[in-house]
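Protein sequences appear in the order of chains A and B.
The opening residue of the first sequence carries number 47 in the numbering used here; numbering runs sequentially from there.
The opening residue of the second sequence carries number 47 in the numbering used here; numbering runs sequentially from there.
Backbone N, C-alpha and C define an ideal beta-carbon position, used for all residues, glycine too.
There are 2 protein chains.
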Amino acid sequence: MINDLQPSQQNRQPLPETTLDPREFRQALGTFTTGVTIVTARGPDGAPVGVTANSFNSVSLNPPLVLWSLARKSQSLAAFESASHWAVHILAHDQNDLSGRFARSTSGAEKFEDIKYEDGLGEAPLLSGCTTRLQCRTAHIYDGGDHVILVGEVLRFDKCDTPPLVFQSGNYAIATSTTQTVMPPDGEDPRNVSETSSLGYLLASAYLHFSAKSREHASELELNDIEYLILNALGAREARTYHELITLAAYTGRFVGRESINDLAARGLIRIDDEIEETTNPPEHIDHSHIYLTQEGKVLVTRITSQSQQVEENMMRQLGVPETIALRTLLSRFVRIHSPLIPYRWF
Amino acid sequence: MINDLQPSQQNRQPLPETTLDPREFRQALGTFTTGVTIVTARGPDGAPVGVTANSFNSVSLNPPLVLWSLARKSQSLAAFESASHWAVHILAHDQNDLSGRFARSTSGAEKFEDIKYEDGLGEAPLLSGCTTRLQCRTAHIYDGGDHVILVGEVLRFDKCDTPPLVFQSGNYAIATSTTQTVMPPDGEDPRNVSETSSLGYLLASAYLHFSAKSREHASELELNDIEYLILNALGAREARTYHELITLAAYTGRFVGRESINDLAARGLIRIDDEIEETTNPPEHIDHSHIYLTQEGKVLVTRITSQSQQVEENMMRQLGVPETIALRTLLSRFVRIHSPLIPYRWF
């Protein structure tokens with residue numbers, strides 16, 4: 047282990063105290079997007095240490111060098127300064143809890159409590175579930191103001207295909223590649239759909255694909271659109287009134303006729319709580335009848351749900367994990383902003 | 047300017063040649079997400095130099111230090127080693143062309159050709175349109191294998207609200223915060239919509255909001271859903287046949303009746319090319335009649351289009367720029383995978 051701090055410190059001119067606003071400076075730096083890493087090592091006492099750092103970056107290919115910065119006030123400073131080796135874990139998108147845990151200023155013992163790890167080179171603890179792990183031998187420790195800059199030579203690495211965690215402006219994030227990699231099938235006009243298409247058109251196209259699939263499935267079950275919608279609405283929440291079903295269907299521009307209710311009841315899929323007097327003058331007087339799924343109706347809804355899940359899983363596999371997460375995140379944000387209460391599962 | 051290379055190099059033990067596979071190592075490093083920067087300076091001859099670097103990171107708050115790494119083989123090495131100051135530009139999401147331009151191994155003169163810049167501290171060229179700019183005085187230059195590590199003290203910075211460009215696994219990307227920041231309005235059940243809701247439900251909710259808006263607008267124009275769809279389909283491409291319109295409408299689970307066509311024609315919004323003999327036995331024999339918008343129809347479609355654009359712009363403003371870009375990117379990818387040809391504009 048080479049500690050370059052001494053010569054470096056001897057050499058540098060003392061820097062004046064900064065006059066920059068620390069909060070604004072941090073915000074400006076935060077606009078630089080990073081991954082998130084946990085760097086681990088063994089202290090001189092053999093205890094594992096680990097810190098969350100997003101100051102990691104690659105330096106050199108040959109020799110293979112990487113670096114990161116550690117606060118001089120860190121409890122783990124002494125351990126890292128004396129460690130011959132350390133391991134960098136580039137965290138996966140689902141490891142933000144681990145990131146939070148190792149970002150706290152608690153002892154190594156607390157951080158590693160109940161966490162399984164193996165011993166890597168120099169006995170540096172190796173965590174699992176990460177996107178990439180780099181096992182390094184300390185090459186340099188440089189002065190970096192209130193931090194030290196640790197440069198390590200990468201001796202071993204492994205990676206898995208889990209998409210990485212991203213950090214930007216103080217928030218965890220997921221990255222969506224804007225490089226077009228999926229080409230449309232031969233013969234299709236690629237101008238037909240592009241990132242510059244209107245959001246409305248894209249939403250319609252995506253949704254209509256889904257609803258076409260469910261329409262297909264509905265027709266296999268001998269249900270029309272309205273019947274399918276009614277069963278799904280009752281599957282999500284029972285005891286809805288006829289009036290509620292009309293309201294739900296109106297979102298899709300459809301009208302639920304009394305005959306659809308009667309047909310489903312005749313097929314033994316739903317039953318109508320007829321306590322409230324029926325009249326020949328709907329809808330005012332039948333508004334408050336409650337509608338329930340029968341046992342047979344419940345079985346059918348279970349089949350519908352499981353088929354929908356299959357369609358969905360298949361689509362997500364083709365789209366990719368980070369893309370699916372990002373798409374769900376964005377759509378749920380969009381829906382929360384714009385239409386917070388569409389109170390039924392379409393599927 | 048302090049060059050710490052000498053003491054650092056004297057001190058370090060020679061590293062052996064790496065045995066890691068360079069391609070795999072680069073791929074492993076690439077899983078660490080970064081922003082993209084262009085760092086600029088003035089050479090000793092006064093010529094501007096600039097390089098694209100994603101090896102940037104923050105180091106210290108007090109003193110305010112940042113670092114980045116520059117390849118020893120870079121044409122600009124001498125200029126940066128002798129420069130008293132350099133400027134880091136954290137690129138905005140729409141600056142990937144600029145990133146590509148400064149990543150080439152051409153001369154500074156070529157890179158800066160036709161590019162407007164101001165002089166910053168130490169005459170370092172300042173580019174515009176970036177997310178953040180940091181003007182630095184060289185504090186240290188450290189050894190970093192086949193690169194040098196440049197540490198700078200930040201003297202000035204400015205930032206704008208443009209979301210930054212992201213780089214991950216060799217691709218440009220945009221980041222979506224997964225931290226839930228948008229809360230549903232008071233009284234709404236936040237469990238109703240979440241990032242864990244099914245994609246189908248989310249797509250349906252988002253789409254239905256859009257289509258509700260257009261349904262509202264359609265009804266103001268005294269058009270029903272089918273008439274609205276027909277006009278939009280003809281607005282996107284004229285001279286469609288009745289058969290084509292039936293196919294388009296079928297995607298939405300609707301049927302286009304001959305009476306809708308006749309109604310629109312009677313209102314003077316469309317005209318039917320009746321060269322092909324009409325019969326009382328549709329649709330086989332009227333399949334190939336072409337349908338056109340009249341002048342009045344075109345005016346109406348223009349109104350519809352501009353209203354749709356307004357709705358869309360309003361929604362995007364509320365969702366945010368990077369979110370809209372990411373959502374469009376993901377939806378267009380989704381649509382390309384799953385339903386490459388829904389051949390009409392819904393709006």
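Proximity test, Cβ basis, 9 Å: residue i and chain A
{"i": "B:Pro165", "result": "It is worth fixing the name first, because residue 165 of chain B is Asp in this sequence and not Pro. For B:Asp165, the answer is no, since every Cβ of chain A falls outside 9 Å of its Cβ."}
{"i": "B:Lys119", "result": "no"}
{"i": "B:Arg313", "result": "no"}
{"i": "B:Leu254", "result": "yes"}
{"i": "B:Val212", "result": "yes"}
{"i": "B:Gly89", "result": "no"}
{"i": "B:Thr348", "result": "no"}
{"i": "B:Gln355", "result": "yes"}
{"i": "B:Ile195", "result": "yes"}
{"i": "B:Phe148", "result": "no"}
{"i": "B:Trp392", "result": "Legend: pLDDT at B:Trp392 = 37, less than 50; position of this residue unreliable, value from coordinates given subsequently. Output row for B:Trp392: interface = yes."}
{"i": "B:Thr80", "result": "yes"}
{"i": "B:Thr98", "result": "no"}
{"i": "B:Val200", "result": "yes"}
{"i": "B:Thr86", "result": "no"}
{"i": "B:Ser136", "result": "A small fix is needed here, since residue 136 of chain B is Ile in this sequence, not Ser. With 9 Å as the cut-off, B:Ile136 counts as an interface residue toward chain A."}
Cβ-based neighbour list, residue i, same chain, cut-off 7 Å, excluding 5 preceding and 5 following
{"i": "B:Ser443", "result": "Any answer about residue 443 of chain B is impossible in this case: the structure gives chain B only from 47 up to 393."}
{"i": "B:Thr340", "result": "Gly314, Leu315, Ile316 and Arg317"}
{"i": "A:Glu164", "result": "Leu172"}
{"i": "B:Thr370", "result": "Met362"}
{"i": "B:Arg261", "result": "Asp271"}
{"i": "B:Gly216", "result": "Gly76"}
Within-9 Å CB hit, residue i to chain B
{"i": "A:Gln141", "result": "no"}
{"i": "A:Pro68", "result": "yes"}
{"i": "A:Phe126", "result": "no"}
{"i": "A:Ser101", "result": "yes"}
{"i": "A:Tyr288", "result": "no"}
{"i": "A:Ala170", "result": "no"}
{"i": "A:Ala279", "result": "no"}
{"i": "A:Thr77", "result": "yes"}
{"i": "A:Thr224", "result": "yes"}
{"i": "A:His186", "result": "yes"}
{"i": "A:Gly343", "result": "no"}
{"i": "A:Ala129", "result": "no"}
Run of the alpha helix (DSSP H) containing residue i, from where it starts to where it stops
{"i": "A:Arg118", "result": "Segment: none, A:Arg118 is in no alpha helix (DSSP H) and carries neither H nor E."}
{"i": "B:Arg363", "result": "Gln341 to Leu365"}
{"i": "B:Ser335", "result": "No alpha helix (DSSP H) contains B:Ser335, which DSSP labels as neither H nor E."}
{"i": "A:Thr293", "result": "Tyr288 to Tyr297"}
{"i": "A:Ala129", "result": "Looking at the DSSP string, A:Ala129 is not in any alpha helix (DSSP H), and its letter there is neither H nor E."}
{"i": "B:Arg72", "result": "Pro68 to Gly76"}
{"i": "A:Ala221", "result": "Unbroken run through A:Ala221 is the beta strand (DSSP E), Asn217 to Ser223; no alpha helix (DSSP H)."}
{"i": "A:Phe158", "result": "Gly154 to Phe158"}
{"i": "A:Ala138", "result": "Where A:Ala138 is concerned, there is no enclosing alpha helix (DSSP H), given that its DSSP letter is neither H nor E."}
{"i": "A:Arg261", "result": "Leu245 to Glu266"}
{"i": "B:Ala282", "result": "Asp271 to Ala282"}
Cutoff 6 Å; reference residue i; Cβ partners in own chain excluding five residues on either side
{"i": "A:Ile84", "result": "Gly96, Thr98, His135 and Phe148"}
Residues near residue i by beta carbon distance below 8 Å, same chain, minus five either side
{"i": "B:Ala296", "result": "none"}
{"i": "A:Asp235", "result": "Residue confidence for A:Asp235 is low, a pLDDT of 43 falling below 50, so the modelled location carries little weight and cannot support an answer."}
{"i": "B:Ser115", "result": "Ala99, Ser101, Gly190, His193, Val194, Ile195 and Leu196"}
{"i": "A:Ala285", "result": "Asp319, His336, Ile337 and Tyr338"}
{"i": "B:His218", "result": "Position check: residue 218 of chain B holds Tyr in this sequence, whereas His was assumed. Once the five neighbours on either side are set aside, the close Cβ partners of B:Tyr218 are Val82, Asn142, Ser145, Leu211 and Val212."}
Element boundaries [beta strand (DSSP E), containing residue i]
{"i": "A:Asn103", "result": "Asn103 to Ser106"}
{"i": "B:Asn402", "result": "Here chain B has residues from 47 to 393 only, and residue 402 of chain B is not among them."}
{"i": "B:Gly190", "result": "Thr178 to Gly190"}
{"i": "A:Gly96", "result": "Pro94 to Ala99"}
{"i": "A:Ile318", "result": "Ile316 to Asp319"}
{"i": "B:Phe203", "result": "His193 to Lys205"}
{"i": "B:Phe213", "result": "Val212 to Gln214"}
{"i": "A:Ala170", "result": "Segment: none, A:Ala170 is in no beta strand (DSSP E) and carries neither H nor E."}
{"i": "B:Val82", "result": "B:Val82 -> no beta strand (DSSP E), and no H or E assigned at all."}
Are at least three pairs of beta-carbons, each pair with one atom in the region 96-112 of chain B and one in the region 193-212 of chain B, less than 8 Å apart? yes
Proximal residues, the region 293-310 of chain B versus chain A, C-beta separation under 8 Å: Tyr297, Thr298 and Gly299
Does the structure place the region 84-91 of chain A close enough to the region 124-142 of chain A that three or more beta carbon pairs sit under 8 Å? yes
Residues from the region 358-386 of chain B in contact with chain A, defined by Cβ distance under 8 Å: Glu358, Met361, Met362, Gln364, Leu365, Glu369, Thr370, Ile371, Ala372, Leu373, Arg374, Thr375, Leu376, Leu377, Ser378, Arg379, Phe380, Val381, Arg382, Ile383, His384, Ser385 and Pro386
When the Cβ atoms of the region 62-79 of chain B are set against those of the region 206-213 of chain A, are three or more pairs found closer than 8 Å? yes
Which residues, in chain order, does the region 172-183 of chain B contribute to contact with chain A at a C-beta distance below 8 Å? Thr177, Thr178 and Leu180
For the region 255-267 of chain B, which residues have a CB atom closer than 9 Å to at least one CB atom of chain A, in sequence order? His255, Phe256, Ser257, Ala258, Lys259, Ser260 and Arg261
Please determine if the region 244-258 of chain A and the region 244-258 of chain B are in contact, where contact requires at least 3 C-beta pairs separated by less than 8 Å. yes
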